[in-house]
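Peer 1:
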Amino acid sequence: MIVLIVLIGAFFRLFKISAFTTFLGEQGRDMLIAKDILAGKLTLLGPPTSISDVHFGPFYHYFNALFLCIFKLNPIGPAIGFSLISIISIFLLFQTGKNFKNQTAGQLSALLFAFSPLMVEYGRTMFNSYFITGFTIFSLWAISGYFRSQKVFWLLLSGLFAGISVQANFLSVGIFFGLLVFLFLEKARFKKIVFLISGFILGILPYLIFELRHKFFNTNAFFSLLGEGKAVGGSLFNYPAKFVSYYFKSIYFLIGGGSFYLSFFIFILGTIFYLIRTQRKNILFKTVLLFTFLELGVVSLYPGKMLEHYLGAIYPFIFLLLGLFFQEVFKTKFNYLFKLLFFLLVVSSFTKIDFQRNHGYGMPENWKMDDVKKAGEIIANDASGNFNVAAILDGDTRAYPYRYIIETKGKKPMAVENYPQSDILYVVAGGDGDFVLTYPVWEISSFLPANIDNQWLITKEVSVFKLKKI
1 MIVLIVLIGA FFRLFKISAF TTFLGEQGRD MLIAKDILAG KLTLLGPPTS ISDVHFGPFY
61 HYFNALFLCI FKLNPIGPAI GFSLISIISI FLLFQTGKNF KNQTAGQLSA LLFAFSPLMV
121 EYGRTMFNSY FITGFTIFSL WAISGYFRSQ KVFWLLLSGL FAGISVQANF LSVGIFFGLL
181 VFLFLEKARF KKIVFLISGF ILGILPYLIF ELRHKFFNTN AFFSLLGEGK AVGGSLFNYP
241 AKFVSYYFKS IYFLIGGGSF YLSFFIFILG TIFYLIRTQR KNILFKTVLL FTFLELGVVS
301 LYPGKMLEHY LGAIYPFIFL LLGLFFQEVF KTKFNYLFKL LFFLLVVSSF TKIDFQRNHG
361 YGMPENWKMD DVKKAGEIIA NDASGNFNVA AILDGDTRAY PYRYIIETKG KKPMAVENYP
421 QSDILYVVAG GDGDFVLTYP VWEISSFLPA NIDNQWLITK EVSVFKLKKI
């Protein structure tokens, strides 16, 4: 059964992935960094966080570099890499339930994960914070391996995966706290705790090296923001409300599929289940509850707007809690009713997986990764001398995805601060030439005066315009 679930999940994530993945400014910027890594320009710094002057760890860049190498610099490579993490996570979620002696719960959790619309998007999209969910599952699977075998190797592995998750987003640090408390409750020897901490340090080692070499640049920036209430903050009185709200939002984003009523129904069922189960012994339930509370506790400290990927470390535990819930209610005299409910939940999730859209995730209408590649190749084939590139399809006016494609073809645009010094400017845009020449962005206005020297149609709506200085 689990093999079938994994195969279905793989199909959902890999089907027409080049049409459904994203290739926006952030991805273009990060692909350029990964390409530089392959050329020997190594880095210890990851993507910037949403709070100024603080960066994540560099694991994401090296992951991208690996898959760019495998796929010969084709940007679809890292997207497939994210798919593989998501597909493996389906199986490891099942294995976690099995190791904690709840195989049916693991199987049901894996099925919900495979069909979750949000997890499908995470599994076909390149984005640093989307690592959180997969590596949280990897870490939980490893700690379940320790529970089953009592071998310290699993603790090293669990700490390593937790460290990588923290590299992806600092809000997932609650997972590491959960691992420590788990070992404390298991009355583990100090030696075992050392193995766990060693694995975690190994997972964040590149970040630590950067901090040591640069006088704790990110740490100092974090504490500066902490003092301003921008990193951790909020009223103590609001903390319990945020805690409950983020638990509900986890269900809303993950299972409810944007439906408030379905999310509320599952929230109530989960609460009732918790109240019933607290008086009974189930190691998986207690473990999941421990991690859920600690991670929610960390996330609730964040003072900013709660985006769906910030809750990524909580999602695996929501799946496991639902798996446990349905495992137990399937044993009652109302099992047929609950089996119908579970079936409808899976079907509802399936209907919300977007296989029909005409654009990449978050990209403009009728615009996909293949269109970006086509536009970049046209520019690379035509370009010579001092040229630059811009785009006015979305917020990325400096055209990082196109820059990446152009550089893989052996050409190099001038730097993003050198638009005024360029002789030729290629602009990817909708509309006509007059629209492009009068578009109010610095990348174009600083290049003027110019005229349209050539135009190549990419889709019915979008062209590459070649602007030449007068």
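Counted from 1, the sequence shown has number 134 at position 134 by UniProt numbering; the numbering is strictly sequential.
We put the CB at the ideal spot given by N, CA and C, even for glycine.
(1) Helix, strand or coil, according to DSSP, for D394 in the structure here?
(2) Taking L180 as the reference, which of L171, F195, L208, F170 has the closest Cα?
(3) When burial is assigned at 16 or more other CB atoms within 10 Å of the CB, is E417 buried or exposed?
(4) Express the C-alpha separation of N99 and R148 in angstroms, rounding to a whole number.
(5) Is N388 helix, strand or coil by DSSP?
(6) P78 to F127, Cα distance in whole Å?
(7) What residue from L111, F59, L155 has the CA that sits closest to L208's CA?
(8) Quick check: the Cα distance between V152 and A114, rounded to an integer number of angstroms?
(9) V441 and residue 474 - do their beta-carbons sit closer together than 7 Å?
(10) Where does P78 fall in DSSP's three states?
(11) Determine the contact status of I318 and V120, defining contact as a CB-CB distance below 7 Å.
(12) Pairs of beta-carbons, one from the stretch 102 to 118 and one from the stretch 319 to 338, closer than 8 Å: are there three or more?
(13) Hey, could you find the ends of the alpha helix (DSSP H) N169 is sitting in?
(14) Does the pairing of the stretch 246 to 253 with the stretch 307 to 322 give three or more beta-carbon distances under 8 Å?
(15) Tell me, which residues are paired with A450 by DSSP?
(16) Can you check DSSP and say which residues form a bridge with G430?
(17) Apart from the five residues just before and just after Y400, which ones in its own chain have a Cβ nearer than 7 Å to its Cβ?
(18) Give me whichever residues DSSP pairs with W456 in a beta bridge.
(19) Could you say if the stretch 212 to 223 and the stretch 182 to 192 meet the contact criterion of at least three C-beta pairs nearer than 8 Å?
(20) Could you tell me the alpha carbon to alpha carbon distance between K368 and F343, rounded to whole angstroms?
(21) Rounding to the nearest angstrom, what Cα-Cα distance links V6 and I88 in this structure?
(22) Count the CB pairs spanning the stretch 373 to 392 and the stretch 454 to 461 that are closer than 8 Å, and state whether there are at least three.
(23) Between the alpha carbons of M306 and F216, how many angstroms are there, rounded?
Peer 2: Here's the rundown:
(1) Three-state result, D394: coil.
(2) Comparing Cα-Cα distances from L180 to each of L171, F195, L208, F170, the minimum goes to F195.
(3) Exposed, since its Cβ has fewer than 16 Cβ neighbours within 10 Å.
(4) Going by C-alpha positions, R148 is about 6 Å away from N99.
(5) Three-state DSSP puts N388 in a strand.
(6) Their backbone Cα atoms lie some 10 Å apart in a straight line.
(7) Comparing Cα positions, the closest option is F59.
(8) The C-alpha of A114 is placed about 30 Å away from the C-alpha of V152.
(9) No statement about residue 474 is possible, as the shown extent of the chain runs from 1 to 470 and does not include it.
(10) Looking at P78 - three-state DSSP - the assignment turns out to be helix.
(11) Result no, Cβ atoms of I318 and V120 do not sit closer than 7 Å.
(12) Using a Cβ-Cβ distance cut-off of 8 Å, the stretch 102 to 118 and the stretch 319 to 338 are in contact, since at least three pairs of beta carbons, one from each stretch, lie closer than that value.
(13) Element bounds for N169: n/a, residue is neither H nor E.
(14) Inter-segment contact for the stretch 246 to 253 and the stretch 307 to 322 is present: three or more beta-carbon pairs are separated by less than 8 Å.
(15) Answer is K469, bridged to A450.
(16) In the DSSP output, where bridge partners are listed per residue, G430 has V462.
(17) Closer than 7 Å at Cβ, skipping near neighbours: G25, G28, R29, L32.
(18) W456 pairs with V464.
(19) No, they do not touch.
(20) Taking the straight line from one Cα to the other gives about 33 Å.
(21) Taking the straight line from one Cα to the other gives about 8 Å.
(22) In short, these stretches touch, since the Cβ pair count reaches three.
(23) In a straight line, the C-alpha of M306 is about 27 Å away from that of F216.
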